[in-house]
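Q: The following block contains the structure, expressed as structure tokens.
Residue numbers (my numbering): 47 to 692.
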């Protein structure tokens, strides 16, 4: 290989642009390639964006190479481990060029091929160099030698001497010939009788030329002729330094290709694992939200029944205390469902502009009292921070929860750092986060840390490393759900024995954010006069208790267990002043019922009672939302709010 050819191959190995990639979607029969692949195949770059027919892979291959490449591809699809072939394709200007394709086939659980991925490298220059080397070896550059066992000299040609850097001669001492070899190698020509006779003359040697001190590689080929008890060696030598260099570079190229393929496989495997984890968490979120909704309905039936019962029992302190305990238990259950709904991103949030520096400063004393003196809390805000659009109460609860987790990770005490920074997030740099402007809040401890398995499961609902009775396993999952509902993300970084960094990523509020007024019932409002109210709920327990609460407030109530039944009652009774309806009902949802009622009587006052945090898309503006489980006082305030709407 010429020096120019060597430099060219080195540059090919170093340049990322020298290789093109392909991804063959086997079930979809679509070939996806990058711009370099398109260039090597002389394809129009604009035509490859949406994929190509798989036959494109073979169309540009030289007719003499096409059959063996098809056979090789068939083998890889049938289960061969690696595709590694050199072949010719139609290159730029219609000329043939050599490429080296290396790839791997991936199979599904049923051992069916699903994708064939790999790299394509332009090796045209190397092939041309090899051809030039073959021509050079054929045309000249070959030295001859003959050695007879027992002699101290060998007959050699002039080219033999030139290749070894020795003075031209027809006879040379064996010691002089072997003296050019690098240390530790067997002799190029065995010494006089008594030396070890080689079993073959097909080998190569590293030499140091006597004339210029340059290290070179010499190949030896020949025959061993037995003559009585002795032998005679007849052979040739030629310079293979360039070929050795090429072999080393080719090994580097193959290692590079293998590394690139392995990295690509690992990257795709990581992406598939991340997708499976996201799908798993989404499914858990849906399940958790559904359970929380049903649990809310049960709590609604319990708490409203207890509310009414407390008014009707005799003035017995023991009975009142028992009922109050039961009501307190239902409130704790409601708090638990709120955490579950937070993980499922269905909790009720109040949007307001929040200054994180002021929020944390305001709750610093509470944090220190909660954590205790063994866990000092330090705040560090190195620069200006953007405001965020969030629910301040929920944020305070999330930050306090993270601080408590940090304390629990340091049972013998330790420092807790709370810090925040202004961040610009690029695409695909933070899990589940769109590119944009964010505030990153971090709570850092130097505690026990987590291993990889624990870190992976940390935000799963009900997963906890704390002892029995010391945690519900909903704290981190609630924070994760809150962050996602606010348009941000929640991440954990941890190593066993080195502590944990919990990061809450929240979108920065735009400078011209306008907040919608938050409709919230206020206790102590002036009660409305007697109304005729239509109560709608598919759960008979909820319907019965809602009607009982309304009747206890002095209102006349019509009960309907479905949207269709509610429409019938609404048409039959023209005195209905207001409708209280559940949303998630079979057959006709609360949103659909509201639309039908609006047609029958525009602007009919309406209350939507639901355990979910957000009103359904398209729900009538001006309707009042009442969160489940609700108390009789909350229901009374909602009636006042609904009747006061313009």
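Using N, Cα and C, we set each Cβ at its ideal position, and we do this for glycine too.
What you are looking at is a predicted structure, and each value in this text was computed from that prediction instead of being measured.
#1: Is the segment 198-208 touching the segment 117-128 in the sense that three or more CB pairs, one from each, lie closer than 8 Å?
#2: Could you pull out every unbroken beta strand (DSSP E) segment of at least 3 residues lying fully inside the segment 415-466, listed in chain order?
#3: Per DSSP, residue 191 forms a beta bridge with which residues?
#4: Report buried or exposed for residue 534, applying the criterion of at least 16 other Cβ atoms within 10 angstroms of its Cβ.
#5: Judging by CA-CA distance, which residue of 443, 618, 196 is the nearest neighbour of residue 646?
#6: Among the candidates 480, 467, 496, whose CA atom is the shortest distance from the CA of residue 486?
#7: Can at least three beta-carbon pairs, one atom from the segment 165-174 and one from the segment 209-220, be found at a separation below 8 Å?
#8: Among residues of its own chain, excluding the 5 on either side of residue 672, which ones have a beta-carbon nearer than 6 Å to its beta-carbon?
#9: How many angstroms separate the CA atom of residue 48 from the CA atom of residue 86?
#10: By DSSP, does residue 83 sit in helix, in strand, or in coil?
#11: Hey, would you say residue 160 sits closer than 8 Å to residue 135, going by beta carbons?
#12: Could you tell me the alpha carbon to alpha carbon distance between residue 13 and residue 74, rounded to whole angstroms?
#13: Residue 189: which of 479, 164, 223 sits nearest, CA to CA?
#14: With 16 as the cutoff for other CB atoms within 10 Å, does residue 530 come out buried or exposed?
#15: So, helix, strand or coil for residue 599, using DSSP?
#16: When you compare only the Cα positions, how much space is there between residue 596 and residue 532?
#17: Find the nearest neighbour of residue 299 within the set 447, 168, 196, judged by alpha-carbon distance.
#18: Should residue 236 be counted as a contact of the ligand NAP given a C-beta to heavy atom distance under 7 Å?
#19: Do residue 286 and residue 256 have their CB atoms nearer than 8 Å?
#20: Excluding the 5 residues preceding and the 5 following residue 65 in the sequence, name in chain order all residues of the same chain whose CB lies nearer than 6 Å to its CB.
#21: Looking only at its chain, what residues have a beta carbon closer than 7 Å to the beta carbon of residue 127, apart from the 5 residues adjacent to it on each side?
#22: What three-state label does DSSP hand residue 680 in the structure shown?
#23: In terms of residues, what are the limits of the alpha helix (DSSP H) holding residue 161?
#24: Entirely within the segment 608-638 and at least 4 residues each: give me those alpha helix (DSSP H) ranges in chain order.
#25: Taking 8 Å as the threshold (C-beta atoms), are residue 269 and residue 280 in contact?
#26: Against chain C, with Cβ distances strictly below 8 Å, would residue 442 count as a contact?
#27: Given a threshold of 16 other Cβ atoms within 10 Å of its Cβ, counted over all protein chains shown, does residue 276 qualify as buried or as exposed?
#28: Could you pull the DSSP bridge partners for residue 641 from this structure?
#29: At what residues does the alpha helix (DSSP H) containing residue 112 begin and finish?
#30: In the DSSP assignment, find the unbroken beta strand (DSSP E) run with residue 255 in it and report its ends.
#31: So, do the segment 409-421 and the segment 447-466 have three or more beta carbon pairs nearer to each other than 8 Å?
#32: Is the number of C-beta pairs between the segment 632-647 and the segment 586-603 that are closer than 8 Å three or more?
#33: Ignore the nearest five residues each way along the sequence and tell me which others in residue 539's own chain have a CB closer than 6 Å to its CB.
#34: Check whether the Cβ atoms of residue 625 and residue 650 sit closer than 8 Å, and answer yes or no.
#35: From residue 370 to residue 599, what does the alpha carbon distance come to, in whole angstroms?
#36: Looking at the secondary structure, which residues open and close the alpha helix (DSSP H) in which residue 71 lies?
A: This is what the structure gives:
#1: Judged by Cβ distances under 8 Å, the segment 117-128 makes no contact with the segment 198-208, as fewer than three pairs qualify.
#2: DSSP runs (the beta strand (DSSP E)) wholly in the segment 415-466: 423-426, 434-436.
#3: Beta-bridge pairing links residue 191 to 202, 281.
#4: Under the 10 Å beta carbon count, residue 534 is surrounded by 16 or more other beta carbons and is classified as buried.
#5: It is 618.
#6: Among 480, 467, 496, the Cα nearest to that of residue 486 belongs to 467.
#7: By the criterion of at least three beta-carbon pairs nearer than 8 Å, the segment 165-174 is not in contact with the segment 209-220.
#8: Excluding sequence positions up to five before and after residue 672, its CB lies within less than 6 Å of the CB of 653, 655, 684, all in the same chain and listed in chain order.
#9: Per-residue confidence for residue 48 stands at a pLDDT of 36, beneath the threshold of 50, marking its modelled position as unreliable; the derived number appears in the next sentence. Note on geometry: alpha-carbon atoms of residue 48 and residue 86 lie some 24 Å from one another.
#10: In this structure, residue 83 counts as helix in the three-state DSSP scheme.
#11: When the beta-carbon positions are compared, residue 160 and residue 135 stay at least 8 Å from each other.
#12: Any question about residue 13 goes unanswered here, given that the chain covers just 47 to 692.
#13: The candidate whose alpha carbon is nearest that of residue 189 is 223.
#14: Residue burial annotation: residue 530 is buried, with at least 16 other C-beta atoms found within 10 angstroms of its C-beta.
#15: In this structure, residue 599 counts as coil in the three-state DSSP scheme.
#16: Rounded to whole angstroms, residue 596 to residue 532 spans 35 Å at the Cα level.
#17: The residue with the shortest Cα to Cα distance from residue 299 is 168.
#18: In the structure shown, the ligand NAP is absent, as is every other ligand, since no ligand is present at all.
#19: No. Outside cutoff.
#20: Here residue 65 has 165, 167 as same chain residues with Cβ atoms under 6 Å from its own Cβ, once five neighbours each way along the sequence are excluded.
#21: There are no such residues.
#22: Three-state DSSP puts residue 680 in a helix.
#23: Residue 161 -> not in any alpha helix (DSSP H); beta strand (DSSP E) instead, spanning 159-168.
#24: As far as the segment 608-638 is concerned, its whole alpha helix (DSSP H) runs of at least 4 residues are 609-618.
#25: Yes.
#26: Of the protein chains in the structure, only one exists, and it is not chain C.
#27: Residue 276 sits exposed, since fewer than 16 C-beta atoms from the chains shown fall within 10 Å of its C-beta.
#28: Bridge partners of residue 641: none, in fact.
#29: In the DSSP annotation of this structure, the continuous segment of the alpha helix (DSSP H) that includes residue 112 starts and ends at 109-123.
#30: Here residue 255 belongs to no beta strand (DSSP E), and DSSP marks it neither H nor E.
#31: The segment 409-421 vs the segment 447-466: in contact.
#32: Fewer than three beta-carbon pairs drawn from the segment 632-647 and the segment 586-603 are found closer than 8 Å, and the two stretches are therefore not classed as touching.
#33: Cβ within range, chain order: 547.
#34: Yes, Cβ-Cβ distance for residue 625 and residue 650 is below 8 Å.
#35: Near 21 Å, if we compare the C-alpha coordinates of residue 599 and residue 370.
#36: Note, residue 71: premise wrong, no alpha helix (DSSP H); beta strand (DSSP E) at 65-71.
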